[in-house]
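Participant: Residue 1 is where the sequence shown starts when you use the working numbering, and the numbers rise one by one after that.
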Amino acid sequence: MSTKRKSKSPEAQVFKPDKKFAKTTRISSMAQYKRMWKESIDSPSKFWAREAKDLTWQKKWSKVLDWKAPFAEWFVGGKINVCENCVDRHADGPRKNKAAIIFEGEPGDRTVLTYAQLKREVCKFANVLEANGVKSKDRVIIYMPMIPEAAIAMLACARIGAVHSVIFGGFAVDAIVDRLEDSGATTVITADGGWRRGKVVPLKDNVDAALEKYKGVKKVIVAKRTGQDVTMKRGRDLWWNEECAKVPGTHKAKAFDSEHPLFILYTSGSTGKPKGILHTSAGYLMGTYISCKYIFDMKDDDVYWCTADVGWITGHSYIVYGPMANGVTQVMYEGAPNQPDFSRFWRICEDLGVTIFYTAPTAIRAFIRAGEEFIKPYDLSSIRLLGSVGEPINPDVWLWYREHIGGGKAPIVDTWWQTETGSILISPLPGCTPTIPGTATLPFFGVDAAIVDETGEECKPDESGRLVLRKPWPSMLRTIYNDKPRYKKTYWGDFKGLYTAGDGARRDKQGNFWITGRMDDVLNVSGHRLGTAEIEGALVAHEAVAEAAVIGRPDDLKGQAVVAFVSLKGGKTGDDALLKELRNHVGKLIGAIAKPDDLHFTPALPKTRSGKIMRRLLKELVATGNVTGNTTTLEDPTVIDNLKRILGR
Ligand code: WT7
1 MSTKRKSKSP EAQVFKPDKK FAKTTRISSM AQYKRMWKES IDSPSKFWAR
51 EAKDLTWQKK WSKVLDWKAP FAEWFVGGKI NVCENCVDRH ADGPRKNKAA
101 IIFEGEPGDR TVLTYAQLKR EVCKFANVLE ANGVKSKDRV IIYMPMIPEA
151 AIAMLACARI GAVHSVIFGG FAVDAIVDRL EDSGATTVIT ADGGWRRGKV
201 VPLKDNVDAA LEKYKGVKKV IVAKRTGQDV TMKRGRDLWW NEECAKVPGT
251 HKAKAFDSEH PLFILYTSGS TGKPKGILHT SAGYLMGTYI SCKYIFDMKD
301 DDVYWCTADV GWITGHSYIV YGPMANGVTQ VMYEGAPNQP DFSRFWRICE
351 DLGVTIFYTA PTAIRAFIRA GEEFIKPYDL SSIRLLGSVG EPINPDVWLW
401 YREHIGGGKA PIVDTWWQTE TGSILISPLP GCTPTIPGTA TLPFFGVDAA
451 IVDETGEECK PDESGRLVLR KPWPSMLRTI YNDKPRYKKT YWGDFKGLYT
501 AGDGARRDKQ GNFWITGRMD DVLNVSGHRL GTAEIEGALV AHEAVAEAAV
551 IGRPDDLKGQ AVVAFVSLKG GKTGDDALLK ELRNHVGKLI GAIAKPDDLH
601 FTPALPKTRS GKIMRRLLKE LVATGNVTGN TTTLEDPTVI DNLKRILGR
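#1: Would you say residue 146 and residue 332 are within 8 Å of each other, going by their C-beta atoms?
#2: Could you name each continuous alpha helix (DSSP H) segment of 4 residues or more that falls completely within the segment 505-586, going from the start of the chain to the end?
#3: Anyone know if the C-beta pair for residue 540 and residue 550 falls short of 8 Å?
#4: Let's see if you can read the secondary structure: which residues bound the beta strand (DSSP E) around residue 194?
#5: Mind checking which residues open and close the beta strand (DSSP E) that includes residue 73?
#6: What is the rounded straight-line gap between the Cα of residue 112 and the Cα of residue 302?
#7: Could you check whether the segment 331-346 touches the segment 371-379, counting it as contact only if at least three pairs of C-beta atoms, one from each stretch, sit closer than 8 Å?
#8: Could you check the C-alpha separation between residue 475 and residue 422 for me, to the nearest Å?
#9: Do you know offhand how far residue 525's Cα is from residue 581's?
#10: Of all the alpha helix (DSSP H) runs that stay within the bounds of the segment 85-137, which reach a length of 4 or more residues?
#11: How about residue 320 and residue 151: are their beta carbons less than 8 Å apart?
#12: Rounded to the nearest angstrom, what separates residue 640 and residue 606 at their Cα positions?
#13: What residues sit near the ligand WT7, counting only those whose C-beta is closer than 7 Å to one of its heavy atoms, in chain order?
#14: Just verifying my parser: in three-state terms, what is the DSSP assignment at residue 333?
#15: Which runs of the alpha helix (DSSP H) at least 4 residues long sit entirely within the segment 165-228? Give them in chain order.
#16: Is residue 68 buried or exposed, if buried means 16 or more other CB atoms sit within 10 Å of its CB?
#17: Are residue 531 and residue 516 close, meaning C-beta to C-beta below 8 Å?
#18: Can you tell me where the beta strand (DSSP E) with residue 452 in it begins and where it stops?
#19: Among 575, 588, 506 and 567, which one has its Cα closest to the Cα of residue 707?
#20: By Cβ distance, which residues of its chain are closer than 7 Å to residue 231, with the 5 residues on each side in sequence left out?
#21: Helix, strand or coil for residue 238 per DSSP?
#22: Mind reading off the beta-carbon distance from residue 327 to residue 218? Whole number of angstroms is fine, and I expect it under 8 Å.
#23: Would you tell me roughly how many angstroms separate the C-alpha atoms of residue 453 and residue 469, rounded to the nearest one?
#24: Are the segment 413-421 and the segment 433-446 touching by the rule of at least three beta carbon pairs closer than 8 Å?
#25: Between the C-alpha atoms of residue 650 and residue 614, what's the straight-line distance to the nearest angstrom?
#26: By a C-beta neighbour count over all protein chains shown, 10 Å radius and 16 as the cutoff for buried, is residue 636 buried or exposed?
#27: With three or more C-beta pairs closer than 8 Å as the rule, is the segment 303-316 touching the segment 347-361?
#28: Rounded to the nearest angstrom, how far is the Cβ of residue 196 from that of residue 72, given a contact under 8 Å?
#29: Name the residue from 325, 591, 483 and 338 whose alpha carbon lies nearest to the alpha carbon of residue 53.
#30: Can you find the residues in the same chain that come closer than 6 Å, C-beta to C-beta, to residue 123, ignoring five residues on each side of it along the sequence?
#31: Closer than 8 Å is the cut-off here; do at least three beta carbon pairs connect the segment 307-314 with the segment 80-89?
#32: Buried or exposed for residue 270, going by 16 or more other Cβ atoms inside 10 Å?
#33: Of all the options 406, 490, 118 and 486, which has the alpha carbon lying nearest to the alpha carbon of residue 99?
#34: In whole angstroms, what separates the C-alpha of residue 109 from that of residue 440?
#35: Assuming residue 546 contacts residue 536 (C-beta within less than 8 Å), just tell me the rounded distance between them.
The structure is reproduced here in structure tokens:
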């Protein structure tokens, strides 16, 4: 039986770019996009040489790319300081007194840092790091709440050539130990605690517990945020403010090679051990800078807000490095979107006049479920551009986002990328690309994306396959830290010369990429390949459904059977009639083959703190009735017991 399934594009609604928007933007016609894209592919040296002029170099590079597959070096021979590009060049110029960060804490406290103030804080902290023995290429763990000090710590590391590795503040002790060990870190930067849903996250306590197991850390620098008592170990632990008071507010930004390591960010792979994705300096900066410039269309009067956490790649690329390289004003918010209730984001948007808003579909679905009464009282008319990232966005969620947050007019950029790609690779350009709900549309500059079948051959239009990249790009990962063989095998091992993203996708006749989800979540039902995301999309497209997770379970007859977990809008509970209706609904949208064999209604799905549904746990629950695997990344651990009850275990 063929494993290729022809998937028809849905009756798609095309949104042409707004003419008024196009007039003010840098790329205002498809002809211009196509010309630039072609140049970026055919003459990358010419294209990148021109774009790289926007950055501040301490020494100009001599060669744009040195490619010894699968190892790339970009802007070879150049010397650059990433921090200088994000801070000094604004602080020392006309943006001196412009707000760089408008911070709002979960309790409601607010701080504004201008670029000049940011520079002073970053310089001080760079001095603190150096005074405490941190040297170029040393690894520094950053485990902090979403407060300006997190960005300052990252930028200070970049300034002195130290390699930061940020651990999401929601991770527990074991995750910290894994990362400390793998990176061989000597310094930890943390805070006493952070605010989340009105409670203190005990960050310093977690660090203390981790350092019982890992002995390589010499200094722990602790920012004061929540003010509760913490244990400070003499000789090892230092208060951020006390250390900063001892040093000057100036610091010379040294020149580092273009390929100097900038950071390691851990991400989960197919095995249990997280992969340390290594990014380097000039190419990464180029990628994050240029994507902000053209995709987010950043201008001097914008107020930009990305709701991600700095602990994820989105926070690295689209809170710290990209927006700051563009000298934009941005909002940084510490807490949960529903603290004290689901109007929090919209009050901030109105209050600060947010113009560009970037969030994840999972958050949007939570807002849909919460109800429009939390949005209606607020004036969101300042918003001119919306972004989505992290997973495929369901068309109805896309339409809701545009209507209720974008005032029925703001373009949506559905941005596809990964921790490994460093910056956005597939996305509309808001002033020219016709958008269709559900597709990330077209490749960005320098990106040669394609869909291939299991033999590595390019698929025909509308045929489902694997998403690959055929050329290196500036912000690509350089390796997995300390594991070149794993880097080669994981990303370049499937097909010669092709980077495998691990995502399933298809390309329509217009060339738009429809990402259907991770290939690891793909089911094989009676020899047909079915994306779990596709079935989930179908379920969510039903008016009663808020969220859905689909997994496979072994089935003697079909190979795999489809199991769906569904939560309903307004917290409703489902009945047999709705169950039947949903099965038929999926059958109608995708085909009978995709109809869930089992369908369970549940008030909540198991999710990571970043909002990803943990299908692994659902699979285990369904297969064994229990969960034995790692659950430390679960957002709400009580979900599992609830599900056991629902499954009658
Ligand atoms: C995976 C990468 C990229 C930053 C956040 C997640 C999925 C991401 C989209 C999108 C469809 C998307 C892919 C990708 N993904 N953006 N716009 N449409 N899928 O980073 O944890 O490295 O995850 O997220 O499956 O491979 P990450």
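The beta carbon of each residue, even a glycine, is placed where N, CA and C say it ideally should be.
Facilitator: By the coordinates alone:
#1: One-based indexing of the sequence shown puts residue 146 at position 146. One-based indexing of the sequence shown puts residue 332 at position 332. Result yes, Cβ atoms of residue 146 and residue 332 sit closer than 8 Å.
#2: 532-540
#3: Along the sequence shown, one-based indexing puts residue 540 at 540. Along the sequence shown, one-based indexing puts residue 550 at 550. No, the pair does not count as a contact, with Cβ atoms beyond the cut-off.
#4: Translated into positions along the sequence shown, residue 194 becomes position 194. Start and end: 194-196.
#5: Against the sequence shown, residue 73 aligns to sequence position 73. That run of the beta strand (DSSP E) goes 71-76.
#6: Taking the sequence shown and counting its residues from 1, the one referred to as residue 112 is at position 112. Taking the sequence shown and counting its residues from 1, the one referred to as residue 302 is at position 302. So the two alpha carbons sit approximately 16 Å from each other.
#7: yes
#8: As a first step, residue 475 is located in the sequence shown; it is residue number 475 there, counting from the start. As a first step, residue 422 is located in the sequence shown; it is residue number 422 there, counting from the start. Approximately 5 Å between the Cα atoms of the pair.
#9: The residue labelled residue 525 in the question sits at position 525 within the sequence shown. The residue labelled residue 581 in the question sits at position 581 within the sequence shown. One C-alpha to the other measures close to 21 Å.
#10: 115-131
#11: For the purposes of this step, residue 320 is taken as the residue at position 320 of the sequence shown. For the purposes of this step, residue 151 is taken as the residue at position 151 of the sequence shown. Closer than 8 Å, so yes.
#12: As a first step, residue 640 is located in the sequence shown; it is residue number 640 there, counting from the start. As a first step, residue 606 is located in the sequence shown; it is residue number 606 there, counting from the start. Computed Cα separation, rounded: 7 Å.
#13: 267, 312, 313, 314, 388, 389, 390, 391, 392, 393, 414, 415, 416, 417, 418, 419, 420, 440, 501, 502, 503, 515, 517 and 518
#14: By 1-based counting over the sequence shown, the position of residue 333 is 333. Three-state DSSP puts residue 333 in a strand.
#15: 173-183 and 203-213
#16: The residue labelled residue 68 in the question sits at position 68 within the sequence shown. Label assigned to residue 68: exposed.
#17: As a working mapping, residue 531 is identified with position 531 in the sequence shown. As a working mapping, residue 516 is identified with position 516 in the sequence shown. Yes, Cβ-Cβ distance for residue 531 and residue 516 is below 8 Å.
#18: Taking the sequence shown and counting its residues from 1, one reaches residue 452 at position 452. From DSSP, the beta strand (DSSP E) with residue 452 extends over 449-452.
#19: The requested residue 707 does not occur in the structure, where the chain is confined to residues 1 to 649.
#20: Within the sequence shown, the letter at position 231 stands for residue 231. Answer for residue 231: 208, listed in chain order.
#21: Mapped onto the sequence shown, residue 238 falls at position 238. If DSSP states are grouped into helix, strand and coil, residue 238 belongs with the strands.
#22: As a working mapping, residue 327 is identified with position 327 in the sequence shown. As a working mapping, residue 218 is identified with position 218 in the sequence shown. Going by Cβ atoms, the distance from residue 327 to residue 218 rounds to 35 Å, so no, they are not a contact pair.
#23: As a position in the sequence shown, residue 453 is number 453, starting the count at 1. As a position in the sequence shown, residue 469 is number 469, starting the count at 1. Rounded to the nearest angstrom, the two C-alpha atoms are 13 Å apart.
#24: yes
#25: An answer regarding residue 650 cannot be provided, because it is not within the stretch 1 to 649 covered by the chain.
#26: For the purposes of this step, residue 636 is taken as the residue at position 636 of the sequence shown. Per the 10 Å Cβ criterion, exposed.
#27: yes
#28: Residue 196 sits at position 196 when you count from the first residue of the sequence shown. Residue 72 sits at position 72 when you count from the first residue of the sequence shown. Between residue 72 and residue 196 the Cβ distance is about 38 Å, and since that is not below 8 Å, they are no contact.
#29: Taking the sequence shown and counting its residues from 1, one reaches residue 53 at position 53. Among 325, 591, 483 and 338, the Cα nearest to that of residue 53 belongs to 325.
#30: Translated into the one-based positions of the sequence shown, residue 123 becomes position 123. Excluding sequence neighbours, residue 123 sits near 249, 250 and 251.
#31: no
#32: Within the sequence shown, the letter at position 270 stands for residue 270. Confidence is the limiting factor: at residue 270 the pLDDT is only 48, short of 50, which leaves the residue's position unreliable, though a coordinate-based value still follows. By the 10 Å Cβ count, residue 270 comes out exposed.
#33: Taking the sequence shown and counting its residues from 1, one reaches residue 99 at position 99. If we check each option's Cα against that of residue 99, 118 comes out closest.
#34: Residue numbering aside, residue 109 sits at position 109 when the sequence shown is read from its first letter. Residue numbering aside, residue 440 sits at position 440 when the sequence shown is read from its first letter. Spanning the two alpha carbons is a distance of roughly 36 Å.
#35: To locate residue 546, count along the sequence shown from 1; it is residue 546. To locate residue 536, count along the sequence shown from 1; it is residue 536. Actually they do not touch by this definition, with Cβ atoms about 12 Å apart.
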